[in-house]
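Heads up: the structure comes next, in structure tokens.
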Ligand code: ADP
Ligand code: MG
């Protein structure tokens, strides 16, 4: 259904926490809506106002991309929901947009620009390289490959390059690797590969987000290889992002990997405290939210490095303050931050990790927690520590305590060892990824 596709697109653009908290609560009035007016129902005025002010324009724009008509977006409060909107799996939400027009209709978030990006030492190389490429696409760094952890601004920079060039009337395509793959399989199945190729090989700038999902997707890799050659050969710009360096993407064809390394590879590091503070201030300013410095500092110091999560906190604070018609106090902020950290940690515990890992690695849970120095057990213990550190918010001292270690240096040593092995050994890396996947899916159920 159209509206599901629209929401699926929206989902890719906005913080997940926002989508879960607000968009998922909407229902769509299919009967009353027309091509020029889209009517949604929200459970309360807060959600209605929030969606309307924050996402009204964007929703309208997404409808326009799909239908060619820009509808008015109405969000009303209603209790008897007509139809709860379902989240679509990416498989059945294929954007088949292949016409010439649609390649221009990349879904770029207009607020992700170079101006709204805060530069600090953690991201300054990536920022500068992105800006260069935006100013002179296809000339200097081609391809540009940006990698770094979640929520550090990779997608933001891609959009910034796109927005910059849309304004100069360039053909820009922004796509996540997942979307690229879905479209590819769709067109392959329908015998319309010509259209797919026309679209991807005729743009001036191809922005490919989250390329790590290429891992072990052989057919998609092959297609991308040809797309890459065609564009690169014609002096068209390619920019990619990934959570890791191309060398570390497991199951990536050598010829693609080497092409990814032809141009410039830059990383984004987690922001230092100062940059975090500056980002929070910028976000508040852009969204017309006022938060005292004391609270800004508190959030920056206590939240992790994922800016998306930090944004979620700001939005939540502001929403509550509006609802209660009061200003945001430090005490209130502390509660929200605490809950967020708790929420995350509640999902996965160290015990869950020990349970799954001991089963998969063929050691006993009691052995993992013991002081045994047998090689196999030491390795299993290190893996558990590594996973606990990545999947739970436990600090190094609290992990040391859990495993009966002297202090956090033992934990940091274990982390270092595992990181080294991941760097060295593809199979080991794949094993860790698989374990991590098993743990997260086991706790979600
Ligand atoms: P990634 O793609 O690296 O996971 P995103 O680009 O989606 O991260 O960024 C997550 C959120 O954090 C976005 O809303 C983005 O605007 C914001 N953000 C990240 N880094 C910065 C920065 N340096 N300045 C301003 N906003 C940032
Ligand atoms: Mg991203």
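Numbering (this note's numbering), first residue to last: 468 to 912.
Even for Gly, the Cβ is constructed at its ideal location relative to N, Cα and C.
Since the structure is predicted, the reported quantities are computational estimates derived from the model, not experimental observations.
Residue i (DSSP reduced to helix, strand or coil)
i, result
"residue 543", "strand"
"residue 736", "coil"
"residue 784", "helix"
"residue 865", "helix"
"residue 844", "helix"
"residue 639", "strand"
"residue 711", "coil"
"residue 688", "helix"
"residue 494", "strand"
"residue 717", "coil"
"residue 722", "helix"
"residue 501", "strand"
"residue 613", "strand"
"residue 706", "strand"
"residue 581", "coil"
"residue 463", "This structure leaves residue 463 out entirely; the chain is present only between 468 and 912."
"residue 675", "strand"
"residue 592", "helix"
"residue 481", "coil"
"residue 667", "helix"
"residue 681", "helix"
"residue 731", "strand"
"residue 765", "helix"
"residue 885", "helix"
Separation of residue j from residue i, as counted between CA atoms
i, j, result
"residue 703", "residue 604", "7 Å"
"residue 543", "residue 884", "55 Å"
"residue 727", "residue 733", "12 Å"
"residue 762", "residue 796", "8 Å"
"residue 766", "residue 741", "12 Å"
"residue 477", "residue 840", "51 Å"
"residue 914", "residue 526", "Missing from the structure shown is residue 914; the chain here goes from 468 to 912 and no further."
"residue 856", "residue 902", "14 Å"
"residue 864", "residue 854", "15 Å"
"residue 484", "residue 523", "18 Å"
"residue 851", "residue 643", "32 Å"
"residue 558", "residue 880", "Bear in mind that a pLDDT of 31 at residue 558, under 50, signals an unreliable position, so the model cannot answer this."
"residue 529", "residue 470", "10 Å"
"residue 519", "residue 900", "39 Å"
"residue 845", "residue 683", "30 Å"
"residue 534", "residue 832", "56 Å"
"residue 771", "residue 860", "9 Å"
"residue 849", "residue 774", "29 Å"
"residue 898", "residue 891", "13 Å"
"residue 636", "residue 475", "27 Å"
"residue 749", "residue 790", "23 Å"
"residue 408", "residue 586", "The question about residue 408 has no answer here: the residues shown for the chain are numbered 468 through 912."
"residue 572", "residue 692", "Below a pLDDT of 50, predicted positions are generally treated as unreliable, and residue 572, at 37, falls in that range; the measurement from the model is reported next regardless. Near 24 Å, if we compare the C-alpha coordinates of residue 692 and residue 572."
"residue 823", "residue 632", "48 Å"
"residue 598", "residue 516", "35 Å"
"residue 538", "residue 500", "9 Å"
"residue 634", "residue 640", "14 Å"
"residue 808", "residue 768", "13 Å"
"residue 877", "residue 581", "42 Å"
"residue 669", "residue 712", "27 Å"
"residue 755", "residue 536", "30 Å"
"residue 729", "residue 651", "25 Å"
"residue 825", "residue 872", "19 Å"
"residue 564", "residue 492", "Model confidence at residue 564 stands at a pLDDT of 37, short of 50, so the residue's coordinates are unreliable; what they give is reported in the following sentence. Each residue's alpha carbon lies about 28 Å from the other."
"residue 430", "residue 816", "Any answer about residue 430 is impossible in this case: the structure gives the chain only from 468 up to 912."
Rounded Cβ spacing between residue i and residue j (contact assumed at less than 8 Å)
i, j, result
"residue 576", "residue 626", "5 Å"
"residue 687", "residue 621", "Residue 687 to residue 621, Cβ: 20 Å. No contact."
"residue 610", "residue 705", "4 Å"
"residue 744", "residue 751", "Not a contact, Cβ separation roughly 11 Å."
"residue 680", "residue 645", "6 Å"
"residue 590", "residue 735", "5 Å"
"residue 820", "residue 866", "Not a contact, Cβ separation roughly 11 Å."
"residue 896", "residue 906", "Between residue 906 and residue 896 the Cβ distance is about 16 Å, and since that is not below 8 Å, they are no contact."
"residue 673", "residue 667", "7 Å"
"residue 588", "residue 739", "7 Å"
"residue 449", "residue 630", "Lying outside 468 to 912, the shown extent of the chain, residue 449 is not represented and no answer is given."
"residue 416", "residue 786", "Residue 416 lies beyond the stretch modelled for the chain, which goes from 468 to 912, so this question has no answer here."
"residue 830", "residue 843", "6 Å"
"residue 583", "residue 828", "That belief does not hold up - the Cβ atoms of residue 583 and residue 828 are roughly 45 Å apart, past 8 Å."
**Request:** Check whether the segment 770–783 touches the segment 484–496, counting contact only when three or more Cβ pairs, one atom from each stretch, lie closer than 8 Å.
**Result:** yes
**Message:** Does the contact criterion of 3 or more C-beta pairs under 8 Å hold for the segment 658–668 versus the segment 604–618?
**Reply:** no
**Asked** Does the count of Cβ pairs from the segment 673–693 and the segment 715–731 closer than 8 Å reach three?
**Response** yes
**Message:** For the segment 799–808 against the segment 499–512, do three or more pairs of beta-carbon atoms, one drawn from each stretch, fall closer than 8 Å, so that the two count as touching?
**Reply:** no
**Asked** Around ligand 1, which residues pass a check of Cβ closer than 5 Å to any of its heavy atoms?
**Response** 584, 585, 617, 618, 619, 620, 621, 622, 623, 746, 774, 775
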